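I have placed the structure first, in the form of structure tokens, so that the comments after it can refer back to it.
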Amino acid sequence: MGHIRLGRLAKTHAWTDLVALLDLDDLEVARVAATTTVGAQDRLQELRHDPVLGYAMWLLSRLATAARSDDFVGNAAQVGLRVTGDDSALVVIARINALMREELEQHPASGPFGEIASLALRRALLETVGVEQPSLFGSTLSDLERAFRQGTTDRAFGDLSRRFFGDYLARTLRYYLDKELPFHIGPGTAFATIEASSDFVDDLDTYTRQSARIVETFASDWLSKYTFHETGQISREQVQSFVATAMSKLCAELRGEVVA
Amino acid sequence: MSSTTSPTTVIIQCDDAPIPPSFHVPEVEIRQIRADGDDRDLDLQIQDLYQTVLTQVSRHHQDLVRLAAYVYRADLLVSRGGTRDSDGRRWKRHLSLCVPVSDPAFWQRPEVMTTLSSVLAFLTDDTWRFAFSPARPISRQIHLDLSAREVYQQPGVVTLFSGGIDSLCTLLEAAMRGERPVPVGRPAPAHQHRQEQLLSAVNTLNASWSLPLIGIRIVRHGPEPANNAQRTRGFLFGCLGGAIAAEIGASRVYLPDNGPISLNLPINDQLVGALASRATHPQYLHRLNRLLRLVLAEPVTVSNPLRWRTRAETLEVLKQAQAMSLLPLTLSCSNWRGQPGAKPQCGGCSQCVDRRVATIAAGLERWDPAHRYQQDLFLDPLEPWDRAATAMSYVRFARRVHAMIAPQVLTAFPELIDIAVPDDPAPDATLRNAIDLVDRHAATVLEVVERQTATHLRAFIEGRLPAASLLARTMSEQKGRRIPIQTPRPVAERVGVSRQLAPTRDDAPVSLGAADIPANVFAWTGASWQVSYGGTAGVLKPSVGLTRIACLLREPDRVFTPEELEAVANGRASSHPSVAGEHSVFRLEAIASNEVILDRDMLRTLREHLEDLEGDRVAAIDAGDGERAMHLHERKEEIERYLRVNQKLGGGSRTIPTEAQKHYRAMRRSIERSLDGVKMHHHLLYRHLQQSLVLDKSFRYAPDRGIDWEVQLPLPPA
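This is the structure we're talking about:
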């Protein structure tokens, strides 16, 4: 019981670059982010079309639009979410998580990144509620709806996308980095102490989430081009296409490339 | 263009059960499992070591046990990829099992199939499909030792007994409470004697109920397993426990794991999903119970009695029972095979790490001394690579959690949402309790590390601690070498990363002719810093810390706040904190950022308030005002929880760094780290800066005499 299974980075040229980078004296977060993104680029390219990632973003989008309608409960039911007005925000998030988990369990090809998408969805929801409430605990469904209604539809969608993709990429980079980072901690290494390595990872996280601003603007513009909000329906195909482009932009940003 | 890799897809045919046409896809692999016949590769025997036998086992119970055994064997058969599968392409598998059962119509009911797949999906991360067909008569029997019968006298609970700390404490506590526990164990031959000693000792402590161990033997034949993760063990033991409980009339099954292990939050960021095992996770137990309600003839509930206790807290059971001497007989290690009797624990697996910390925290080191471990967690070099990663991740996780307040923990670890199961009447409270549990665990870990640090500080100072030891990595004198985050640059070089990253070890400063050395220069050349001081020139590698130092040199005696220095260094006129980051938007985080140290006055005030609340609560009860009494009780719990979070075990106060403090510390570290670099290349300049830079809550360059610097800062990004 309590077993964990740790792994290492594959011995590819790209990952060797990351290992070498972690041996340098002056470590820049941006370079580590770029190098890790390059190392994972094959997988990230595939994940642009990952159905679990697409589903998570679709679910988030539909719930956000449901919250802006007059009948959240009814509109949420259309995506399979059963809630009542008495439910706490955390219960609602738990039920959304259950929906996500059902989808996740149908797509083993996503590997660990399906779970990462699920975690990013939860975090985006928690953060959305957390912005508006002094405490997540005790927040209600109404609080969640109110939080979703902040700002215009397009801006709110942009903000939500930024949170979601920022967390998704942050977790993805950390997933890879943590296969190597512990071996660069100690006297005479890049991170003299465990605390120093922790601080670095926090900074990497912040950097990645800030980089996701590039998705925010794109998301707002993308939403404004569609008239679905008149009907309240965003299709999974539409969102999957959006996800593919958003991922491309964010990965390019992390690699430090000029983003069109 | 990359291609998508499909997950490993295998059909597993159990004892020649037919494969339905719907399972067949081109090129799918088919594997065999045999539990019958001379060429069987799986033996499942339920033995009663005390000569009690189970007969006329319910056919659904038999089916369940055999199914669980097949699932377990299938899990071991199919590889999940090796340690270098960094993309995780092979971790998840698509497994289709063809299983012979006595009642296919029952097992093929949609509700049963869906529930069964759901249990295994959460437990293993795999996708499971089943096809059931009629079993041959001979294969319906579970191999039993036919011995004299003995009737169990109203057993209360079946408890899985592995011989580890958690299962021992659970058994002991159940016995002391009069729950009439029946231990079910799987003693490996090498450890059977150890388990017998433990049971004998527990029997001695509690003579009112003799513990009839039901032993399970699962024997594999053939080659070594392709997969050692064994995530289905929890399913095997849960089903076995449930079936046995239903047969002997017990209504409960205990699967013991201390709370933090049960939740198994990722201590390392690569531990996504079931890469951290979920054998007693609340979500798994909830799903398992749904299955057992469908299958078992009698109602049985599987639970984890230790779910709200840390391992250190669990060990209190041994103290209460005056049974500390049993601790050496327990075994927690996952690498126990081949270990000598005197050192049965490897010292480096996650179970050993947690055990070692817990026994120290509980004050039981005398019964679990370091010399019983192959490797001293704190003092020995951490080897091989997985033990180093485990130990450091364990401590890092504790630091990370302990620095957060509850909403931050939940946001950082949304895995916690999985513990909110559908029939939980108070999910918010459950989540809060879980966060509190994890924080207590984190506090315990950090206190143990602190104590070990204090004990071995002299050894560290005298250089006697190996650099690769855990303690050396927590108390190095060197500052961390990293550059805090920078605002993402919109444009970067489009060259291959590999060329950019070729490590450069040429640290020799550029020498200028004596006539050309200007006085007091700190100038950015576009690729490095050209410095000159006291008649000596040098070149320094780029770092943000040096940019900040340059800003200070440019304006001697000006006091910079962290925000101001950050802004100036980034070429902005207005201050803009860059370390806090966009994700720090919770109002509660803002409140937390204003939380001050829980000082003595505040502690005293809170304790006095607790006493008042207790007085009011008792008065409310006396007055028959139950609602008010409950409200006061909840208020008390809230304050007590707050005190636990903010106090160390010894009663001292704990600090939570504010966002401003974190920002300041990050800035200061960047400057100090850069000074380390200066020291290596320009000692004279280093001494001057060390004496002249004031880095106390704010930043200032305060030379003791007027110095004119020629400072050239980098141009800000476009």
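In the order they appear, the protein sequences are chains A and B. Going by my numbering, the residue at position 110 of the first sequence is 116; the numbering climbs one at a time, nothing skipped. Going by my numbering, the residue at position 240 of the second sequence is 241; the numbering climbs one at a time, nothing skipped. Ideal Cβ placement from N, Cα and C applies to all residues, glycine included. Quick caveat: nothing in here was measured; it's all calculated off a predicted structure.
### Message
Comparing C-alpha positions only, which one of B:PRO101, B:LEU77, B:HIS95 and B:SER97 sits nearest to LEU68 (chain B)?
### Response
The alpha carbon of LEU68 (chain B) has as its nearest neighbour, out of B:PRO101, B:LEU77, B:HIS95 and B:SER97, the alpha carbon of B:PRO101.
### Message
Less than 8 Å between C-beta atoms, sequence neighbours within five positions excluded: which residues of the same chain meet that for LEU466 (chain B)?
### Response
Contacts found: LEU380, HIS457, ALA460, LEU472 and ALA473.
### Cβ of LYS3 (chain A) within 8 Å of any chain B Cβ
In the structure as shown, chain A starts at 7 and stops at 266, and residue 3 (chain A) therefore has no counterpart that could be examined.
### Query
Under a three-way DSSP split, which group does VAL273 (chain B) fall into?
Coil at VAL273 (chain B), not helix or strand.
### Query
Excluding sequence positions up to five away, which residues of its chain have a Cβ less than 8 Å from the Cβ of HIS683 (chain B)?
Apart from the 5 residues on each side of it in sequence, HIS683 (chain B) sits with its Cβ closer than 8 Å to the Cβ of PRO510, VAL532, TYR534, THR537, GLY539 and LEU541 in its chain, given in chain order.
### Query
Exposed or buried, what is HIS405 (chain B) when buried is set at 16 or more other beta-carbons lying within 10 Å of its beta-carbon?
Just to set this straight, residue 405 (chain B) is Met in the shown sequence, not His. Buried.
### Task
Kindly indicate if chain C contains any beta-carbon less than 8 Å away from that of LEU96 (chain A).
Any reference to chain C falls outside this structure, whose protein chains are A and B.
### Query
When we look at the beta-carbon of SER116 (chain A) and count the other beta-carbons within 10 Å, is it buried (16 or more) or exposed?
Buried: at least 16 other Cβ atoms inside 10 Å.
### Amino acids of chain A, ordered along the chain, whose beta-carbon sits closer than 9 Å to that of ALA70 (chain B)
Here the premise fails: no neighbours, minimum Cβ distance about 19 Å.
### Segment limits, alpha helix (DSSP H) that includes ILE34 (chain B)
If you look at ILE34 (chain B), you'll find it isn't in any alpha helix (DSSP H); it sits in the beta strand (DSSP E) that goes 30 to 34.
### For VAL66 (chain B) and GLU299 (chain B), the rounded distance between their alpha carbons
Taking the straight line from one Cα to the other gives about 15 Å.
### Query
Does the Cβ-Cβ distance between LEU147 (chain A) and VAL85 (chain A) come in under 8 Å?
Result no, Cβ atoms of LEU147 (chain A) and VAL85 (chain A) do not sit closer than 8 Å.
### Task
With 9 Å as the C-beta to C-beta threshold (strictly closer), list the residues of the segment 120 to 147 of chain A near chain B in chain order.
For the segment 120 to 147 of chain A, which is checked against every Cβ of chain B, the residues closer than 9 Å are GLY120, GLU121, ILE122, SER124, LEU125, ALA126, LEU127, ARG128, ARG129, LEU131, LEU132, GLU133, GLY136, VAL137, GLU138, GLN139, PRO140, SER141, LEU142, PHE143, GLY144 and SER145.
### Task
Please state if the CB of THR43 (chain A) and the CB of LEU279 (chain A) are separated by a distance shorter than 8 Å.
Nothing about residue 279 (chain A) can be reported from this structure: the residues present for chain A run from 7 to 266 only.
### Message
Which of the three DSSP states is assigned to GLN346 (chain B) in this structure?
### Response
Correct three-state label for GLN346 (chain B): strand.
### Message
When you compare the CB positions of PHE561 (chain B) and ARG701 (chain B), do they come within less than 8 Å of one another, or not?
### Response
With respect to the 8 Å criterion, PHE561 (chain B) and ARG701 (chain B) are classified as neighbours on the basis of their beta carbons.
### Query
Among all the DSSP beta bridges, which residues are the ones paired with SER94 (chain A)?
Answer is A:THR146, bridged to SER94 (chain A).
### Message
When you compare the CB of VAL712 (chain B) with every CB in chain A, is at least one pair closer than 8 Å?
### Response
No - not a single Cβ of chain A is within 8 Å of the one on VAL712 (chain B).
### Task
Hey, could you find the ends of the beta strand (DSSP E) THR281 (chain B) is sitting in?
THR281 (chain B) -> no beta strand (DSSP E), and no H or E assigned at all.
### Query
When the Cα of ASP29 (chain A) is compared with those of A:ARG155, A:PHE189, A:LYS255 and A:GLY262, which residue comes out closest?
When each option's Cα is compared against that of ASP29 (chain A), the closest is A:PHE189.
### Query
Alpha carbon to alpha carbon, how far is TRP337 (chain B) from LYS698 (chain B)?
Roughly 51 Å between the two C-alpha positions.
### GLY572 (chain B), buried or exposed, once every other Cβ within 10 Å from all chains shown has been counted against 16
Around the beta carbon of GLY572 (chain B), fewer than 16 other beta carbons sit within 10 angstroms, so the residue counts as exposed.
### Query
When the cut-off is 8 Å and only beta carbons count, does LEU272 (chain B) lie next to chain A?
Yes, its Cβ sits closer than 8 Å to a Cβ of chain A.
### Query
Are TRP368 (chain B) and SER333 (chain B) touching if we call contact CB-CB under 8 Å?
No, Cβ-Cβ distance for TRP368 (chain B) and SER333 (chain B) is not below 8 Å.
### Task
Please compile the residues from chain A whose C-beta is within a distance smaller than 8 Å of the C-beta of ARG401 (chain B).
Within chain A, the residues near ARG401 (chain B) are SER204.
### Query
Distance, Cα to Cα, GLU28 (chain B) vs THR10 (chain B)?
The straight-line gap from Cα to Cα measures roughly 10 Å.
### Query
Are the CB atoms of LEU690 (chain B) and ILE640 (chain B) nearer to each other than 8 Å?
With contacts defined by Cβ atoms closer than 8 Å, LEU690 (chain B) and ILE640 (chain B) do not form a contacting pair.
### Query
Whose CA, out of A:ALA16, A:GLU34 and A:ALA70, lies closest to the CA of GLY45 (chain A)?
The alpha carbon of GLY45 (chain A) has as its nearest neighbour, out of A:ALA16, A:GLU34 and A:ALA70, the alpha carbon of A:ALA16.
### Message
If you measure between the beta carbons of ASN724 (chain B) and LEU307 (chain B), is that distance less than 8 Å?
### Response
There is no way to answer for residue 724 (chain B), as the model of chain B reaches only from 2 to 719.
### Query
Listing by chain order, which chain B residues have their CB less than 8 Å from the CB of PHE189 (chain A)?
For PHE189 (chain A), the chain B residues whose Cβ falls inside 8 Å of its Cβ are TRP386, ALA389 and ALA390, in order along the chain.
### Sheet register partners of GLU711 (chain B) (DSSP bridge)
Beta-bridge pairing links GLU711 (chain B) to B:VAL522.
### Message
Less than 8 Å between CB atoms is the rule here; does ALA115 (chain A) satisfy it with respect to chain B?
### Response
Answer yes: the Cβ-Cβ gap between ALA115 (chain A) and chain B drops below 8 Å somewhere.
### Separation of LEU411 (chain B) from ASP167 (chain B), as counted between CA atoms
Approximately 26 Å between the Cα atoms of the pair.
### Message
So ASP270 (chain B) and TYR181 (chain A) are supposed to be a Cβ contact under 8 Å. How far apart are they, rounded?
### Response
Sure, about 6 Å apart at Cβ, within 8 Å.
### Message
Suppose you measure from the CA of TYR51 (chain B) to the CA of PRO213 (chain B); what does that come to, to the nearest Å?
### Response
Caution is warranted here: a pLDDT of 30 is assigned to TYR51 (chain B), below 50, making its placement in the model unreliable, and no coordinate value can be reported.
### Task
Please classify ALA324 (chain B): is it buried, with 16 or more other beta-carbons within 10 angstroms of its beta-carbon, or exposed?
With 16 or more Cβ atoms within 10 Å of its Cβ, ALA324 (chain B) is classed as buried.
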